[in-house]
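Below is one structure, written out as structure tokens; the observations come after it.
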Amino acid sequence: MEKENAFIDVNQPLAIANYNRNIGGVDILDQSVEYSRTFMKTKNELLSFIHFLDLAVADYWHKYKMDCTAATIHCGQVIDLLEFKLLVAEGLMCSLNRTKRIQADDEDNENRDVNCRSERYRPANPPLEPKRYSRYEHFPEFDEIVSPRSCRMDGCETRSTIRCGKCDV
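Okay, so the sequence shown: first residue is 209 according to the numbering used here, each after it adds one.
Here it is, written out as structure tokens:
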């Protein structure tokens with residue numbers, strides 16, 4: 209008897225259909241944490257704390273996604289979990305007992321996305337607003353490089369060997 213190399217349709221078991229329909233809570237949270245796990249080789253106490261932080265950030269990202277869905281925000285404008293974790297980390301690094309300047313027009317980081325100038329080169333994103341407008345530790349540094357770096361502002365084509373030590377701009 210020969211085997212036929214063909215796909216056959218199999219009915220989905222009722223238990224799996226019920227699980228997929230009612231998935232939520234811990235299952236989605238575990239799945240989100242697994243997608244962007246923080247891998248570390250360290251002691252168990254620190255690893256438990258890092259796992260707790262991963263769970264908390266994944267939970268808040270899930271709530272952020274639900275808020276975006278409720279506010280009918282387009283899917284392309286919703287940030288993914290990895291970028292959300294990076295924004296949380298950068299926000300925590302910027303908030304060390306420092307006063308922050310509040311912007312009057314309350315832009316939601318519209319300046320973060322920089323248009324690509326070419327296929328090969330894309331300048332780095334500018335720093336977050338709290339880090340950029342904090343009034344501390346902004347010192348000029350001179351780079352000893354052969355070819356100066358391009359400006360990060362959209363539409364600016366200049367190059368400079370001087371940059372901010374804090375913002376790296």
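Just so you know, even glycine gets a beta-carbon here, dropped at the ideal spot from N, CA and C.
For I281, the three-state DSSP class (helix, strand or coil): For this step, residue 281 is matched to residue 73 along the sequence shown. Here I281 sits in coil by DSSP.
Within the same chain, show all residues whose beta-carbon is closer than 6 angstroms to that of I310, passing over the 5 residues directly before and after it, in chain order. Sequence index remark: in the sequence shown, residue 310 carries index 102 (1-based). Caution is warranted here: a pLDDT of 49 is assigned to I310, below 50, making its placement in the model unreliable, and the coordinate value is therefore given only provisionally. Counting only Cβ-Cβ distances below 6 angstroms, and skipping sequence neighbours, we find nothing.
Reduced DSSP category for P334 - H, G, I as helix; E, B as strand; rest coil: Stepping through the sequence shown from its first residue, residue 334 is reached at position 126. P334 falls in the coil class under three-state DSSP.
Where R367 and E345 are concerned, what is the direct C-alpha to C-alpha distance, given to the nearest angstrom? Against the sequence shown, residue 367 aligns to sequence position 159. Against the sequence shown, residue 345 aligns to sequence position 137. Going from the Cα of R367 to the Cα of E345 covers about 23 angstroms.
State the beta-bridge partners of C372 as determined by DSSP. Taking the first residue of the sequence shown as position 1, residue 372 is located at position 164. Answer is P348.
Where R343 sits in the DSSP three-state scheme: Position 135 of the sequence shown, counted from the first residue, corresponds to residue 343. Looking at R343 - three-state DSSP - the assignment turns out to be coil, as it is neither helix nor strand.
Per DSSP, what kind of secondary structure is D238 in: helix, strand or coil? Counting from 1 along the sequence shown, the entry for residue 238 is found at position 30. Correct three-state label for D238: helix.
Cα-Cα separation, C375 to W269: The count along the sequence shown starts at 1 and reaches residue 375 at position 167. The count along the sequence shown starts at 1 and reaches residue 269 at position 61. Whole-angstrom Cα-Cα distance: 26 angstroms.
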